[in-house]
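For what it's worth, my numbering labels the leading residue of the sequence shown as 1, then goes sequentially. Positions of the beta carbon are idealized from the N, C-alpha and C atoms, including for glycine. The structure appears below as structure tokens.
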Amino acid sequence: MEPQTPTSRRVLVAKPRGYCAGVDRAVVAVEKALEQYGAPVYVRKQIVHNTHVVKTLEAKGAIFVEETEEVPEGEIVVFSAHGVSPAVHSEAQQRKLRTIDATCPLVTKVHNEAKRFAGQDYGILLIGHEGHEEVEGTAGEAPEHIQLVDGLGSVDGIQVKDPEKLVWLSQTTLSVDETVETVARLKERFPTLIDPPSDDICYATQNRQVAVKEIAAQSQLVIVVGSENSSNSKRLVEVAKDHGAAASYLVDNATFIQDEWLDGVTTVGVTSGASVPEELVEQVLARLAQHGFGEVEEVESVRESMRFSLPHELRKDLRAS
Ligand code: SF4
């Protein structure tokens, strides 16, 4: 028997979703650098974790490399929104590269906290995902003081030099709820553990999680647009499942949607990670419309107005031209 198609099908679109201020700044920085200096412009690592954005910039003349040693001497290199360690800055200097640092200011804030606490000889428990570029960059600020805590499961194995002089910091794109649990467990082990001076999980990550919770509670399925290597996008899938959605999937674009996901579903929630351009969400909505999801409602949970100015190296040259 053919699966029945419900007669009334609707889409709830979370707001805020998609580009945050740090991603917007980083992508515009590469675009402006290409206009100002001409192609090629080298970019260390993916400027933001989104396949479509990377391919679009490649088509305009950006060359993505894994390490600064792949950039010819004297050329321009942009550092990604996730930040880099001081060692990477030194390597670039040695190779006489002209650098544009597109590290998100909210990641830089965590670097500065790490430097300050390390300077005061604190042990730093950095909650984050092993191997993520942001964590590597932050840990590189004070490797002898920083220890990675990759989720609740790793808390019991942590050994510290001085349990009385300990602070926790975190990656900017974690699940808020999971981090609260990890910190609670850390405090059971280390009762005098100090909190960071302000939230390290950034406003955009927090707001997108608040927004997805609201639509998840009313949706049978939540589609999150985002790439597999995007930490904040993957967290949205987990948060959606934890807050009422029977199913949630991460899709790089509309072609990843499988028809059977929609069988028997009347309400689909849609959101997107902080590195996702809106056109990819529009394509998902068009695909859903083909399946009878014609009614689209935007559910706004939080208003956002954050903006960051372009990296100063670039602003200087743009002003002079
Ligand atoms: S997700 Fe947060 S920390 Fe990352 S670039 Fe966006 S605003 Fe910055």
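Partner residues in the beta bridge of G123, as assigned by DSSP, are L166. A distance below 7 angstroms between beta-carbons, with the five flanking residues on each side excluded, links L288 to the following residues of its chain, in chain order: V11, V268. Taking a cut-off of 6 angstroms from the heavy atoms of the ligand SF4, the residues with a C-beta inside it are C20, A21, G22, V23, A81, C104, L106, V107, T172, T173, C202, A204, T205, N232, A274.
The region 144-158 makes no contact with the region 222-234: fewer than 3 CB pairs, one atom from each, lie closer than 8 angstroms. By the Cβ test, the region 268-279 is in contact with the region 209-228, since at least three Cβ pairs between them sit closer than 8 angstroms. When the alpha-carbon of A92 is set against those of L125, A102, E73, L106, the nearest one is in E73. The continuous alpha helix (DSSP H) containing I215 extends over residues 203-216. The region 194-207 and the region 257-268 do not touch, with fewer than 3 CB-CB distances between them shorter than 8 angstroms. Annotated three-state conformation of Q147 is strand, per DSSP. In terms of Cα proximity to D195, the closest of K165, N207, E178, I223 is K165. According to the DSSP assignment, T173 belongs to no beta strand (DSSP E), since it is labelled neither H nor E. Using a Cβ distance threshold of 8 angstroms, W168 and I215 do not count as a contacting pair. For Y37, the enclosing alpha helix (DSSP H) starts and ends at 21-37.
For V284, the enclosing alpha helix (DSSP H) stretches over residues 278-290. Using a C-beta cut-off of 8 angstroms, the region 23-32 makes contact with the region 45-54, since at least three inter-stretch Cβ pairs fall below that distance. When C-beta atoms of the region 93-106 are compared with those of the region 145-152, fewer than three pairs fall below 8 angstroms, so the two segments do not count as touching.
Taking 3 residues as the shortest admissible run, the region 45-100 contains the following complete beta strand (DSSP E) segments, listed from N- to C-terminal end: 62-65, 76-79. For Y122, same chain residues with a beta-carbon under 6 angstroms away, outside a window of 5 residues either side, are K165, V167 in chain order. The three-state reading of DSSP puts L221 in strand, counting E and B together.
Boundaries of the beta strand (DSSP E) harbouring R10: 10-15, taken from the DSSP string. In the three-state DSSP reduction, L193 falls in the coil class, being neither helix nor strand. Judged by DSSP secondary structure, L250 falls within the beta strand (DSSP E) whose first and last residues are 247-251. Scanning its chain for C-beta atoms nearer than 7 angstroms, with the 5 sequence neighbours on each side dropped, one finds around G244 the residues A216, A217, in chain order. Cα atoms of V71 and Q94: separation of roughly 12 angstroms, rounded to the nearest angstrom. Residue state for V160 is assigned as coil, using DSSP reduced to three classes. Of the residues assessed, V65 falls on the exposed side of the cut-off, its CB having fewer than 16 other CB atoms within 10 angstroms. With 16 or more other Cβ atoms from the protein chains shown falling within 10 Å of its own Cβ, L314 counts as buried. Classified as buried, D24 has 16 or more neighbouring CB atoms from the shown chains inside 10 Å of its CB. Between V135 and T99, the CB-CB gap reaches or exceeds 8 angstroms. In this structure, DSSP gives S272 an extended state, which the three-state scheme calls strand. P311 is classed as buried because its beta carbon has at least 16 other beta carbons within 10 Å across all chains shown.
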